[in-house]
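Participant: The structure that follows is given in the form of structure tokens.
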Amino acid sequence: MIVLGLSGALTHDPSAALFIDGKLVAAAEEERFIREKHAKNKRPYHSAKFCLESAGVRSEEIDCVAFPFAPISLFRPDRWHFAKRYWYAPDRAVSAILNGNRHFRRNRHNVFELMDKLGIDKKKTPFVPVQHHLAHASSAYHLSGFGGKTAILGIDGKGEYATTFFGYGENGVIHKIKEFFDPDSLGGVYGALTQYLGFEMLDGEFKVMGMAPYGDPDRFDFSRLIRCDGKSIEVDTGMVNTIGLRRYKQDGIGYYFGNKMVEWLGPKREGDEIDDPYVHYAAGMQKLLEDISLQLIETYLGEILRETGKICFAGGVALNVKLNQRIINLPHVKELFVQPAASDAGTAIGAASYVANKAGDRIEKLDHVYLGPSYSTEECINSCKDHPQKPAWEIIGNAPETAAKILAEGNPVAWFQGR
């Protein structure tokens, strides 16, 4: 079976992935082709085109297109939870109930247009939506290569409405144990503090993680942002994950945190200085993320971990290496697989693997991530010649020795070779 996964048609990190008979043969992010970080609101045209061409697959040979965003039924708790928690923004609350799948419809429209552009016949090629967090879960579990019962963890900002996923995989089937819904989101709170600290949300979270070791995590009590009883979380939406009139606004820009947080912590960070008190804020947020995540892992996945010791992790928060270190150091964890493309870019892989698995294909273990385009020496030289700034280039005989010398002199080296 040939399954093309497409992600991010209306959001961020658009990507494409191609599975043939259960094997991931190509995957790429759109940003790498258009040279625009995160490629926000772009369709994964170039990445999809690359996947098909590199595998020698014609558009008419595709059995289905998988997409990691699905309609959410009104009979599920997702939309009702959103409406209840955002009661102070009645327009958003009512819309979640009466028009809660509008984002899915817009995404689907964009994907259909993209399929037309790629020459994929919509009438003959099924479009299969997969719930966002199931796509994350599949990208981790099905490609981990783990046998036996495996705990699955998914944490990000949010998908359709879900923000956090606890489950397990067994015999190729993913089972949900528990989900949390927007606005109760660990990833969302971390992103809000990322904005407060002067970085771009959905991009600068790694900088907050990098700031954290310079601060005292106990200097400020960040537990007031998220109440956790060990079984559930509740975000103070007056502080963070804020919408509507409660949002903090500056120079006409509305932020994902509220005036209430500015009253508590002071003005948002400006400029490039990494200093007191902001390093302590980063440290406090990092500690909060780790502590709550570990509490919830014990509650919902502890029994499975004591049984098998295996856990898979995906979602944007899975890129937080300090949290991953805490997870792998848990006494019952023997093996941890973090999906290398843990962000939404990896959901193209997840949606396609989920659909392929449901159709009966055995998904092969991900042994490497060299799945994108490669460039020859000649192509690299021509790119230098064609670039308006005409960067200097030189063919080096002994690249390792030259790189070692540059590093020894205290200079940085960026190394590209093959894919």
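With the numbering used here as the guide, the letters of the sequence shown map in order to residues 663 to 1081.
Ideal placement from N, C-alpha and C gives every residue a C-beta, glycine not left out.
Hey, out of Cys1046, Gln912, Tyr918, Ala671, whose CA is closest to Gly853's CA?
Facilitator: Selected option, being the one with the closest Cα: Tyr918.
Participant: Any idea what DSSP makes of Pro788, helix, strand or coil?
Facilitator: Three-state result, Pro788: coil.
Participant: Are Lys711 and Leu780 closer than 8 angstroms when you measure CB to CB?
Facilitator: Yes, Cβ-Cβ distance for Lys711 and Leu780 is below 8 angstroms.
Participant: Cys1134 to Arg738, Cα distance in whole Å?
Facilitator: Given that the chain is displayed from residue 663 to residue 1081, the structure contains no residue 1134 and the question cannot be resolved.
Participant: Can you tell me whether Ser957 is helix, strand or coil according to DSSP?
Facilitator: Sequence check: residue 957 is Gln here, not Ser. Gln957: helix per DSSP, three-state reduction.
Participant: Spatial neighbours of Ala745 within its chain, please: CB distance less than 6 angstroms, with the 5 preceding and 5 following residues excluded, ordered by chain position.
Facilitator: Correct list, in chain order: Ala755, Ala758, Ile759.
Participant: List the whole-angstrom C-beta distance separating Asp818 from Glu896, where the pair is believed to meet the contact cut-off of C-beta under 8 angstroms.
Facilitator: About 18 angstroms; that fails the 8 angstroms criterion.
Participant: With distances taken between CB atoms, is the gap from Leu985 to Ser1005 smaller than 8 angstroms?
Facilitator: No.
Participant: What is the DSSP secondary structure of Glu832, reduced to helix, strand or coil?
Facilitator: It is a strand residue.
Participant: Any contact of the stretch 818-827 with the stretch 1025-1039, i.e. 3+ C-beta pairs under 8 angstroms?
Facilitator: Contact between the stretch 818-827 and the stretch 1025-1039 is absent, because fewer than three Cβ pairs lie under 8 angstroms.
Participant: Provide the residue span of the beta strand (DSSP E) that contains Ser801, from first to last.
Facilitator: Run containing Ser801: none in the beta strand (DSSP E); it sits in the alpha helix (DSSP H), 794-806.
Participant: Between the alpha carbons of Met663 and Gly1022, how many angstroms are there, rounded?
Facilitator: The straight-line gap from Cα to Cα measures roughly 9 angstroms.
Participant: Closest to Ala1061 by CA distance: which of Tyr1037, Pro1050, Ala1076, Asp1048 is it?
Facilitator: The shortest C-alpha separation from Ala1061 is found at Ala1076.
Participant: Among Ala1066, Tyr830, Leu958, His794, which one has its Cα closest to the Cα of Leu848?
Facilitator: Closest by alpha carbon: Leu958.
Participant: Which residues in the same chain as Glu1026 place their Cβ atom closer than 6 angstroms to its Cβ, once the five residues preceding and following it in sequence are excluded?
Facilitator: Excluding sequence neighbours, Glu1026 sits near Gly684, Lys685.
Participant: Exposed or buried, His771, counting other C-beta atoms within 10 Å across all chains shown (16 or more means buried)?
Facilitator: Exposed.
Participant: Could you give the distance in angstroms between the alpha-carbon of Ile915 and the alpha-carbon of Gln857?
Facilitator: Distance between the alpha carbons of Ile915 and Gln857 is about 12 angstroms.
Participant: According to the Cβ coordinates, are Ala976 and His804 closer than 8 angstroms?
Facilitator: The answer is no: Cβ separation not under 8 angstroms.
Participant: I want to know whether the stretch 682-702 touches the stretch 962-981 - three or more CB-CB distances under 8 angstroms.
Facilitator: No, the stretch 682-702 does not touch the stretch 962-981.
Participant: For Gly670, does the count of other Cβ atoms within 10 angstroms reach 16, so buried, or fall short, so exposed?
Facilitator: By the neighbour-count rule (16 or more Cβ atoms within 10 Å), Gly670 is buried.
Participant: Skipping 5 residues on each side, what residues in its chain have a beta carbon closer than 7 angstroms to that of Asp878?
Facilitator: If we look at Asp878 and ignore the five residues flanking it on each side, its Cβ neighbours are His942, Ala945.
Participant: By the 10 Å Cβ neighbour count, where 16 or more other Cβ atoms means buried, how is Pro752 classified, buried or exposed?
Facilitator: By the 10 Å Cβ count, Pro752 comes out exposed.
Participant: Take the Cβ of Tyr1037 as the centre, count every other Cβ of all protein chains shown within 10 Å, and call the residue buried at 16 or more, exposed below.
Facilitator: By the 10 Å Cβ count, Tyr1037 comes out exposed.
Participant: Which residues does DSSP pair with Gln1051 in a beta bridge?
Facilitator: In the DSSP output, where bridge partners are listed per residue, Gln1051 has none listed.
Participant: Using the three-state DSSP reduction, which class does Ser677 fall into: helix, strand or coil?
Facilitator: The answer is strand: DSSP assigns Ser677 an E or B state.
Participant: Could you tell me the distance, in whole angstroms, from the CA atom of Thr970 to the CA atom of Phe808?
Facilitator: Taking the straight line from one Cα to the other gives about 10 angstroms.
Participant: Please state if the CB of Tyr962 and the CB of Ser800 are separated by a distance shorter than 8 angstroms.
Facilitator: In this structure, Tyr962 does not lie closer than 8 angstroms to Ser800 by Cβ.
Participant: Can you tell me whether Ser885 is buried or exposed, with buried defined as 16 or more other CB within 10 angstroms of its CB?
Facilitator: Flag for Ser885 reads exposed.
Participant: Since Asp740 contacts Ala701 with CB under 8 angstroms, what's their CB separation in whole angstroms?
Facilitator: Incorrect: roughly 27 angstroms between the Cβ atoms, too far for contact.
Participant: Does the distance from the C-beta atom of Gln948 to that of Ala874 stay below 8 angstroms?
Facilitator: Yes.
Participant: If Ala728 and Val687 are in contact, beta carbons under 8 angstroms, what's the gap, nearest whole angstrom?
Facilitator: Contact doesn't hold; Cβ gap of about 15 angstroms is too wide.
Participant: As a quick exercise: from Leu680, Leu951, Ala732, pick the residue whose alpha carbon is nearest that of Pro791.
Facilitator: Closest option to Pro791, Cα to Cα, is Ala732.
Participant: Starting from Ser1101, trace the alpha helix (DSSP H) both ways and give me its first and last residue.
Facilitator: One cannot answer for residue 1101 here, as it falls past the ends of the chain, which runs 663 to 1081.
Participant: Look at Phe827 and Gly816 and say whether their C-beta atoms are less than 8 angstroms apart.
Facilitator: Contact: yes.
Participant: Please report how far the alpha carbon of Glu867 lies from the alpha carbon of Thr1009, in whole angstroms.
Facilitator: About 19 angstroms.
Participant: Using 10 angstroms around the beta-carbon of Ser806, count the other beta-carbons present and answer buried if the total reaches 16, otherwise exposed.
Facilitator: Buried, since its Cβ has 16 or more Cβ neighbours within 10 Å.
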